[in-house]
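Have a look at the structure below before the remarks.
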Amino acid sequence: MPDCPDDTDLAGFLDDSLTGERLSHLSEHIDGCPRCQERLDRLTEQSSGAVARYKELSSGGLPDA
Numbered sequence: 001m002p003d004c005p006d007d008t009d010l011a012g013f014l015d016d017s018l019t020g021e022r023l024s025h026l027s028e029h030i031d032g033c034p035r036c037q038e039r040l041d042r043l044t045e046q047s048s049g050a051v052a053r054y055k056e057l058s059s060g061g062l063p064d065a
């Protein structure tokens, strides 16, 4: 789909940091976009790299020393 959100928007969708019209638009898009549904699946499965670090920081976790 030409209007697929980037990973930052998908991460915001996952951590509930999006609100209002943006959240509504993204929810509607994801409901009808198998590609974005697959991307969300991959984002939630990642346990290393930038997305994992983002999830760790957004959940209040501290980086390993």
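Using our numbering, the first residue of the sequence shown is number 1, and each one after it goes up by one. Cβ atoms here follow ideal geometry from the backbone N, Cα and C, with glycine treated the same way.
_Reference Cys4, options Asp41, Glu45, Pro34, closest by Cα_ = The shortest Cα separation from Cys4 among Asp41, Glu45, Pro34 belongs to Pro34.
*asked:* Rounded to whole angstroms, what is the Cα-Cα separation between Glu28 and Glu45?
replied: Approximately 22 Å, taken between the alpha carbons.
*Just curious, the alpha helix (DSSP H) that Asp7 is in, first and last residue?*
Segment 7 to 14, the alpha helix (DSSP H) holding Asp7.
*Count the other C-beta atoms from every protein chain shown that fall within 10 angstroms of the C-beta of Asp9, then say buried if there are 16 or more, exposed otherwise.*
Its Cβ being crowded by 16 or more others within 10 Å, Asp9 is buried.
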